[in-house]
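Q:
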Amino acid sequence: MNNLNQADRVLVIASARDLVDMIKEGAGGNLEVTYAANQKEGLEKARKDLPAIIVLGYLEPQGTAFQLHRKLQEGWITKNIPLLIVDLQSDDSRPVLSMEEGLQMEADEYLALRRGDGQVSLTRLAEPIARLREKLHTRLKTTANIVREAILDPNTFCVTWEQVPGRGAFEMQQEELVENARRAARKGKIHAVSVTDNPGGNPAISTEILCTEVRKLGIEPLVHLAFRDKNRNECESILYGLAGLGVRNLLLLTGDYPSSGGFKGRSKPVFDLDSVHGLQLVQMMNNGMEHEAMGKKTTLAPTDFFAGTSVSPFKQSEAELMGQYFKLKKKIESGADFVITQLGYDARKLHEVLTWLKVHGYSTPVMSNIYVLPLGAAKIMNTNQIPGCVVTDKLLEEVAQEAKAPDRGRSARLTRAAKMYAVAKGMGCAGAHIGGHGLTYEAVEEIIGKGEEMAKDWRTLVAQFDYPQRDGFYYFERDPQTGLNLETPAARPSRGSRTPIYEFSRLAHVTLFNPKSVVFKGFRPVARRLDSSSTLESAFGFFEHLTKVALFGCMNCGDCSLFDVAFLCPMSQCPKNQRNGPCGGSYEGWCEVHTDKKCVWVRAYERLKKHKEEEEIGDNCVPPCNWELMGTPSWLNFYLGRDHSAKRLGIQPPQEKAKPAESDKAKEAKETKKAA
Amino acid sequence: MHLSEFFRNGRFVITCEITPPKGVNTDEFLNTVDMVKNHVDAVNIGDNQRAVMRAAALAVCHLLKQKNIEPVMELTARDRNRIAIQSDLLGASMVGIENILLVSGYPPAVGDHAQAKPVYDFDSVSLVSAAKSLTKGQDVTGHALDGAPDFCIGVVANPGLKPAEPHLERLKQKIAEGAQFIQTQTVYDLEVLERFMEAVSKFNVPVMVGHTMLRSASMASFMNSNLPGVCVPDKLIRELEGLPKQKIAETSLQLSIDLLRRMKPLCQGIHFMVAGWEQHMPTVAEAVAGKRPLRP
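Chains as they are written, first to last, in the numbering used here: chain A, 1 to 676; chain B, 677 to 972.
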């Protein structure tokens, strides 16, 4: 998804236009050439248009070109744009740079093109133009995002290597991570090094900062961005920083729940956004975000992120799996450029993701997660201590057998990883995301090497990755010939469940919260009356809150999401506050955090299934909670067109301006403060 | 102290060129001097070098002398006639400047005053003979001096220049006129230096090989296109090409160190011309020549 076209633009800055004609000729038809005749215009255009390459020629008076070269190289916006200085030399021309300046040049490329006097016709400049073309194209290659290219190119199998940073600034884990990235950069077999974000919900050195270091080492980083620890502003802020430093590849994830190992106890779980929201944010930024500053609408320069997300097909129950796919649908609609699968070893499940995408008409590329599995990790995963990572009993037994070998199972687990690589490549994945504790670069190369060798015989390997979960649900019918999936969806046997609260809430909803109902129309003026007096409003709010606490454990967010989750409150019932579908952490339907409670999305699925309405989960992308409404009565917010559900249903706010109570209060507070 | 004495004591001599201020503020200049002063035997001060107008080398050298830093004062024939040349040399000696580097100088066209009148009353050979004559107590027209200056005279050479013969012939004349050491243009090819050293071995004059660290691939290409006699091999340029900016210095310094280590046995010193990269000069010098006591 290239929504920029910025890769196609060359900016020529020179006093004379002859260079423009040469560049146009040299660039070929696929490049757009813009022109600036002086330093000021050049700097402006470079900053505003973000060209793929800047070509700088002679500028009057002498010395200007060097000054501008410095400004471009040092400027925050332009520092990552390749700068090519072209010196069109003839007997009567002045050089672009004086000798003194030339020795201090730090442009990316310098090209001296000699031409005789009067030799201006393009046909006679064929040779310099050919050199120019070659330079332009090599430069374009250096700026291209090779991860994007590798993932999108059907003939390239993209390989990323996952690194796990640890706690502490000067620890060996960090040293090893950077060394791994350095080796990977030098050897050039891996497209990107990914760095996880506070893995396991534990504090660790910042992935964003490590990733900018990784980029300096000469390899593309893939930044994991989890929404556990960062609210929407922090995410946006980090994304601007990354974009500014030329880090472009992202993996957006909900994130594990915070561990109990935080500073003086468990950290506050943020989960302000979910991965669907994160993708929407990135999409907005890539399109040039519009915002209002001091009453003026402005559009921010577009970023160039390539953002992926994850999906977890290794789910045991129908409700969990369907939730994953409903959410995946939303992620794709929110602009996911690629998908990485959660950790699992069942080939039919991996194939299921590919088949699901195909059947639903999506072309989103899938990266297969290949985790090199030692016995220790297998045991932990088998007992579900790492949420979402599935190791079945059968697999655990095999790994335990392998660990008895003199090499403690090393070669067996690398071979397993290589086979997974082969299977993933064979069945049509866009790449492999390789990970493993203490994995050396050599081991990764071994996996790639062996995997490539075996890829053509991948079908014979499928049977070795047959690890269904107990009563595990598959989206599609099994294909007995391949051991994988047919394109026919399997029957979904769950009959759903009926609960009194849900049935009551449905009824209440139809009568009270249906904009077309008589009650709604009748109550709207009452709502306006209640809203106009702060005493009435808080009295009403108190009554509403009491009712909703009793029924739903309401947290008074004011931007009620009960309609979106089959009358289960994601603020109080889902530890990760997921409004768009389940996270990947549930285990056989149970919540990753409160292991004695069913996942709200499993319950929602069952409630809706009873009414054959389960598909609604995937229907609309619910926005993140609007914290401006926090503590205000959500029923009034709904009736007066302020919350997200009202907006979705097209409920307009009443004619005269009814300000949200929150801002009134804020103003009041400000005034009292001033007075004080 | 005369550079020739360092050579006589068998010291591997290191000098570094530092650009005088364009203006009268000496802060930045002195900061730069501080970066290198403990790693060099002398600091070269250019005379409006590369034809860019700057503060007078004589005054700047005087400033260094006051700070107990040994200068090598460059003097070109581009901007002075024979009267001014001799007069400046006498003045220099009077303030304690002992080491001078006599060059004809780049023409004004390459610098920032392209319209300036090129003087070239003397050429590099007659420059040397004039300086030598002064040290013997006579000006160039034979008038006796009241007190003769004492100079160690250096000249420049460009080992990569082709054809080499006329250039070597001039060098021979300069030596014959009394030049005592040679500082060369920057050389990136070991073979070029070997050939040059072989050609000048008969002169029996110490040679300091010139060196400029590569700041970027583009700067290397620039030198290849614009500096006669300088040739950065493609192999070196490719090492720097496409590197992230943060890695360039690290790579470039290593390239310099590798090259200079191989050149060191061939010559008697290194002359750094690093234009803005002075902060990296000590790293390279130390890696090549080791940590050295400041005075022999």
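Ideal Cβ positions, reconstructed from N, Cα and C, are used throughout, including at glycine.
Which value, in whole angstroms, describes the spacing of the CA atoms of Pro489(A) and Gly409(A)?
A: Against the first sequence, residue 489(A) aligns to sequence position 489. Against the first sequence, residue 409(A) aligns to sequence position 409. Each residue's alpha carbon lies about 38 Å from the other.
Q: Beta-carbon within less than 8 Å of Lys610(A)'s beta-carbon, same chain only, minus the 5 sequence neighbours each way: which residues are those?
A: Here the question's residue 610(A) lines up with position 610 in the first sequence. Correct list, in chain order: Arg495, Gly496, Ser497 and Arg498.
Q: Confirm, please, whether the CB-CB distance from Val748(B) to Met957(B) is below 8 Å.
A: Taking the first residue of the second sequence as position 1, residue 957(B) is located at position 281. Taking the first residue of the second sequence as position 1, residue 748(B) is located at position 72. No, these two residues do not count as a Cβ contact at 8 Å.
Q: Using the rule of at least 16 other Cβ atoms within 10 Å of the residue's Cβ for burial, across every protein chain shown, is Gly823(B) buried or exposed?
A: Residue mapping note: residue 823(B) aligns to position 147 of the second sequence, counting from 1. Classification of Gly823(B): exposed, given that the 10 Å Cβ count is below 16.
Q: Nearest chain A C-beta to Lys923(B) closer than 8 Å, yes or no?
A: Within the second sequence, the letter at position 247 stands for residue 923(B). At least one chain A Cβ lies under 8 Å of Lys923(B).
Q: Kindly list, in the order they appear in chain B, the residues whose Cβ is closer than 7 Å to that of Ile85(A).
A: For the purposes of this step, residue 85(A) is taken as the residue at position 85 of the first sequence. Residues of chain B passing the Cβ test: Ser894.
Q: My output table needs one value for Gln119(A): the three-state DSSP class, helix, strand or coil.
A: Against the first sequence, residue 119(A) aligns to sequence position 119. Only weak support exists for where Gln119(A) lies, its pLDDT of 49 falling under 50; the value from the coordinates is given anyway. Coil at Gln119(A), not helix or strand.
Q: To the nearest angstrom, how far is the alpha carbon of Glu915(B) from that of Asn485(A)?
A: Numbered from its first residue, the second sequence carries residue 915(B) at position 239. Numbered from its first residue, the first sequence carries residue 485(A) at position 485. Using only the alpha carbons, I get a separation of about 50 Å.
Q: On a Cα-Cα basis, can you pick out the residue from Leu706(B), Ser780(B) and Glu774(B) that is closest to Thr811(B)?
A: Stepping through the second sequence from its first residue, residue 811(B) is reached at position 135. With distances taken between Cα atoms, Thr811(B) lies closest to Glu774(B).
Q: According to DSSP, simplified to helix, strand and coil, what is Arg687(B)?
A: Start at 1 with the first residue of the second sequence, and residue 687(B) comes out as number 11. Here Arg687(B) sits in coil by DSSP.
Q: Restricting to Cα atoms, I'd like to know which of Ile434(A), Pro374(A) and Gly388(A) is closest to Ser368(A).
A: In the first sequence, the residue the question calls residue 368(A) occupies position 368. When only C-alpha atoms are compared, the closest one is Ile434(A).
Q: Tell me whether Thr595(A) sits in a helix, a strand or coil according to DSSP, three-state version.
A: To locate residue 595(A), count along the first sequence from 1; it is residue 595. If DSSP states are grouped into helix, strand and coil, Thr595(A) belongs with coil.
Q: So Tyr467(A) packs on Leu395(A), CB below 8 Å; how close in whole Å?
A: Stepping through the first sequence from its first residue, residue 467(A) is reached at position 467. Stepping through the first sequence from its first residue, residue 395(A) is reached at position 395. Contact flag correct, Cβ pair sits at about 5 Å.
Q: Over what stretch of residues does the alpha helix (DSSP H) that includes Gly376(A) continue unbroken?
A: Stepping through the first sequence from its first residue, residue 376(A) is reached at position 376. Taken as a continuous stretch (DSSP letters only), the alpha helix (DSSP H) holding Gly376(A) covers Leu375 to Asn382.
Q: Between which two residues does the beta strand (DSSP E) carrying Asp87(A) extend?
A: Within the first sequence, numbered from 1, the residue matching residue 87(A) stands at position 87. Leu83 to Gln89 is the extent of the beta strand (DSSP E) around Asp87(A).
Q: Shorter than 8 Å from the beta carbon of Phe948(B) to some beta carbon of chain A?
A: For the purposes of this step, residue 948(B) is taken as the residue at position 272 of the second sequence. Not an interface residue.
Q: Rounded to whole angstroms, what is the Cα-Cα separation between Val120(A) and Asp18(A)?
A: Working through the first sequence from its first residue, we reach residue 120(A) at position 120. Working through the first sequence from its first residue, we reach residue 18(A) at position 18. Confidence at Val120(A) is low in this model, with a pLDDT of 49, below 50, so its placement is unreliable and no value can be given for it.
Q: Helix, strand or coil for Tyr362(A)? Go by DSSP, reduced to three states.
A: For the purposes of this step, residue 362(A) is taken as residue 362 along the first sequence, with counting starting at 1. Residue state, collapsed to three classes: coil.
Q: Go ahead and label Asp393(A) buried or exposed: buried means 16 or more other beta carbons lie within 10 angstroms of its beta carbon, across all protein chains shown.
A: The count along the first sequence starts at 1 and reaches residue 393(A) at position 393. Classification of Asp393(A): exposed, given that the 10 Å Cβ count is below 16.
Q: Enumerate in chain order the residues of its own chain whose CB-to-CB distance from Glu445(A) is below 8 Å, with the five nearest sequence positions on each side excluded.
A: Translated into positions along the first sequence, residue 445(A) becomes position 445. These residues qualify, in order along the chain: Lys187 and Lys189.
Q: Please name the residue in Ser363(A), Glu100(A) and Leu31(A) whose C-alpha comes closest to that of Asp8(A).
A: In the first sequence, counting from the first residue as 1, residue 8(A) sits at position 8. The shortest Cα separation from Asp8(A) among Ser363(A), Glu100(A) and Leu31(A) belongs to Leu31(A).
Q: So that I know if they touch, is there some Cβ in chain A lying closer than 8 Å to that of Gly655(B)?
A: Given a span of 677 to 972 for chain B in the structure shown, any question on residue 655(B) remains unanswerable.
Q: In terms of alpha-carbon separation, which member of Ile209(A), Leu300(A), Phe543(A) and Cys235(A) lies closest to Gln174(A)?
A: To locate residue 174(A), count along the first sequence from 1; it is residue 174. With distances taken between Cα atoms, Gln174(A) lies closest to Ile209(A).
Q: I'd like to confirm the pairing. Which residues does DSSP put opposite His947(B) in its beta bridges?
A: Within the second sequence, numbered from 1, the residue matching residue 947(B) stands at position 271. Thr691(B) and Gly886(B), per the DSSP bridge assignment.
Q: With a threshold of 8 Å, are at least 3 pairs of Cβ atoms found where one atom belongs to the region 824-831 of chain B and the other to the region 849-857 of chain B?
A: Yes: the two stretches touch, three or more of their Cβ pairs being nearer than 8 Å.
Q: Distance check for Tyr35(A) and Met949(B), CA to CA, integer angstroms please.
A: By one-based count along the second sequence, residue 949(B) stands at place 273. By one-based count along the first sequence, residue 35(A) stands at place 35. The straight-line gap from Cα to Cα measures roughly 36 Å.
Q: Report buried or exposed for His738(B), applying the criterion of at least 16 other Cβ atoms within 10 angstroms of its Cβ.
A: In the second sequence, the residue the question calls residue 738(B) occupies position 62. It is buried - the Cβ of His738(B) has at least 16 other Cβ atoms within 10 Å.
Q: With respect to the beta strand (DSSP E) encompassing Phe705(B), which residues constitute its N-terminal and C-terminal limits?
A: Residue 705(B) sits at position 29 when you count from the first residue of the second sequence. Element bounds for Phe705(B): not the beta strand (DSSP E) but the alpha helix (DSSP H), Asp703 to Val712.
Q: To the nearest whole angstrom, what separates the beta carbons of His69(A) and Ile81(A), a pair I think is in contact under 8 Å?
A: Numbered from 1 along the first sequence, position 69 holds the residue referred to as residue 69(A). Numbered from 1 along the first sequence, position 81 holds the residue referred to as residue 81(A). Not confirmed; about 12 Å, so no contact.
Q: Here's the rule: buried if 16 or more other CB atoms are within 10 angstroms of the residue's CB, otherwise exposed. What is Gly522(A)?
A: Start at 1 with the first residue of the first sequence, and residue 522(A) comes out as number 522. Burial call: exposed.
Q: Would you kindly check if the distance between the Cβ of Arg726(B) and the Cβ of Pro697(B) is under 8 Å?
A: Locating residue 697(B) in the second sequence gives position 21, counting from the first residue. Locating residue 726(B) in the second sequence gives position 50, counting from the first residue. No.
Q: What is the rounded straight-line gap between the Cα of Leu608(A) and the Cα of Glu503(A)?
A: Along the first sequence, one-based indexing puts residue 608(A) at 608. Along the first sequence, one-based indexing puts residue 503(A) at 503. C-alpha separation (whole angstroms): 10 Å.
Q: In terms of residues, what are the limits of the alpha helix (DSSP H) holding Phe310(A)?
A: Within the first sequence, the letter at position 310 stands for residue 310(A). The amino acid at residue 310(A) is misidentified as Phe; the sequence shows Ser. Careful: Ser310(A) lies outside any alpha helix (DSSP H), inside the beta strand (DSSP E) at Phe306 to Val311.
Q: What residues are listed by DSSP as bridge partners for Cys158(A)?
A: The count along the first sequence starts at 1 and reaches residue 158(A) at position 158. Bridge partners of Cys158(A): Gly431(A).
Q: Which residues in chain B sit within 9 Å of Pro221(A), going by Cβ to Cβ distance?
A: To locate residue 221(A), count along the first sequence from 1; it is residue 221. Correct list: empty, because the minimum Cβ distance to chain B is about 12 Å.
Q: According to the neighbour-count rule (16 or more other Cβ atoms, all chains shown, within 10 Å of its Cβ), is Phe543(A) buried or exposed?
A: Numbered from its first residue, the first sequence carries residue 543(A) at position 543. Exposed.
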